[in-house]
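What follows is a short report on a single structure.
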Amino acid sequence: MGTTVSDNEWVGGAGAWSDTNLAEIQERLADGFDPGQRLFWLRSTPLHQAAQEGAVKVIELLLASGAEVDPADSYGATPLWEAVRHGQDDAVRLLLAAGADPWRPCIAGRSPGLQALFTELADLFAHLPGAPRVSPRLRELQETVDEMMFSYEDYNEGFCIAFVGEVAEDEVIRRLGADPGLCPPVEAGALWEAEHASPAELLRVASPPGGGVVLIQTEGVLPVHDGVARRVTTGGGVLAGAFPLAGTSVDIWRDGFSIARPSVHEQLSDDSLFELWMCRFGDCGAHPSVSMERILALMTLLTATYVTEEWLWSAPMRLVPVELRSDGQGR
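What follows is the structure in structure tokens.
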């Protein structure tokens, strides 16, 4: 072979299973590479990887070389599932034509076809035999979440922010260790100067019009610090925090415990929160929403707290001093 890279090194390389690498794949297969083998580091098969890439020529080659069309990876996902979640319509068509089962449950009882029915790939599945009927209530719920998600499209704040549900503003301040009476609202235009004049580390705390409580730190990570989240939710409550503009994950706490830290593009699992599915987590291209919109939508859905740019920069907020003990826990 015209390469010294071993199969184990090569299979996980960037673009290894793309159509641009077709010649090398053909060469590897001719030298005995098993087209259906498990790729240990990727926890899947070559067909899964090609489906993610939308590499139709590679998919055709692998199938012609004996690869099964519907193997499950370590998550339970099939190549068709991967083609759907990556929005690869040509790969979807090819896999369906090759006999992939659109209604096979993969993760959390969901099939590739069901997932597709809520995306722009819906027309490829809606009229296939066995297509499930999506209830109007579920369809309406997804449309409502999508609408809320897209309402965040103009969000442009790079700071750390957390939404808190089921806890009143004064109680949040008390749980942070401060006296609400000593934390009066500060007008928006005076917040920055007041923060920088204080020797203590401060959190901005305020309640948007629709309910809930918002924690903000323009230069720091307190809203997602384990110590803050633990205090704010101990005794009841839920907190969801993130760097929505630059980050890809959300810290979720309930009743004093961290319950999840999902990342936008990671594969979901049987145990994933229902809200993650509704906010398109795990989707890598089938839906046009972006990470920031999904993160903020999830934070809103979990806490019933919604913010707008106008409110963030015009509302008076309370500056709450936060002193965290060095107990070796959390960030």
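Residue 1 is where the sequence shown starts when you use the UniProt record's numbering, and the numbers rise one by one after that. Where a beta carbon is used, it is the ideal one built from N, C-alpha and C, also for glycine. Computed from a predicted structure; not experimentally measured.
Three-way DSSP call (helix, strand, coil) for residue i in this model
{"i": "Pro112", "result": "helix"}
{"i": "Met1", "result": "With a pLDDT of 37 at Met1, under the threshold of 50, the predicted position of this residue should be treated as unreliable, and no value is reported."}
{"i": "Pro129", "result": "coil"}
{"i": "Ala91", "result": "helix"}
{"i": "Val214", "result": "strand"}
{"i": "Pro136", "result": "helix"}
{"i": "Asp251", "result": "strand"}
{"i": "Arg318", "result": "strand"}
{"i": "Leu42", "result": "coil"}
Sequence-distant residues of the same chain with beta carbon closer than 6 Å to residue i, five excluded per side
{"i": "Val320", "result": "Ile173, Leu176, Ala178, Cys183, Leu203 and Val205"}
{"i": "Ala64", "result": "none"}
{"i": "Ala242", "result": "Val250 and Ile295"}
{"i": "Gly76", "result": "Cys106 and Ile107"}
{"i": "Pro180", "result": "Asp170 and Ile173"}
{"i": "Ser74", "result": "Arg43"}
Integer-rounded CB distance, given that residue j should sit under 8 Å from residue i
{"i": "Pro244", "j": "Leu296", "result": "5 Å"}
{"i": "Ala30", "j": "Asp270", "result": "With a Cβ gap of about 39 Å, Ala30 and Asp270 do not count as contacting."}
{"i": "Thr303", "j": "Ala229", "result": "Going by Cβ atoms, the distance from Thr303 to Ala229 rounds to 12 Å, so no, they are not a contact pair."}
Cβ-based neighbour list, residue i, same chain, cut-off 8 Å, excluding 5 preceding and 5 following
{"i": "Leu94", "result": "Val56, Ile59 and Glu60"}
{"i": "Pro316", "result": "Pro185, Val186, Glu187, Ala188 and Ala206"}
Cβ shell of residue i (< 7 Å), same chain only, five flanking positions each side left out
{"i": "Phe125", "result": "Pro102, Gly113, Ala116, Leu117 and Ala131"}
{"i": "Glu293", "result": "Met149, Phe150, Tyr152 and Glu153"}
{"i": "Val264", "result": "Thr248, Phe281, Ser291, Arg294 and Ile295"}
{"i": "Gly285", "result": "His86 and Gly87"}
Residue-level contact to chain E via CB, residue i, 7 Å cutoff
{"i": "Ala286", "result": "Looking at the structure shown, chain E is missing, and only one protein chain is on hand."}
Counting pairs of Cβ atoms below 8 Å between the stretch 46-63 and the stretch 89-109, do you hit three or more? Cβ pair count under 8 Å is three or more, so yes.
Meets three-Cβ-pair contact criterion under 8 Å: the stretch 297-306 and the stretch 159-167: When Cβ pairs closer than 8 Å are counted between the two stretches, the stretch 297-306 is seen to touch the stretch 159-167, the count reaching three or more.
Using 8 Å as the cut-off, can you tell me whether the stretch 39-48 makes contact with the stretch 76-84, which would need three or more C-beta pairs spanning the two stretches below that distance? Result yes; three or more Cβ-Cβ pairs closer than 8 Å.
What are the start and end residues of each continuous alpha helix (DSSP H) run of 4 or more residues lying completely inside the stretch 163-248, in chain order? The stretch 163-248 contains these whole alpha helix (DSSP H) runs: 169-175, 191-197 and 226-233.
Inter-stretch contact at 8 Å, needing at least 3 Cβ pairs: the stretch 305-318 / the stretch 192-200: Segments in contact, no.
Counting only runs that start and end within the stretch 244-313, where is the alpha helix (DSSP H) found for 4 or more residues in a row? Qualifying alpha helix (DSSP H) stretches, in chain order: 274-278 and 291-303.
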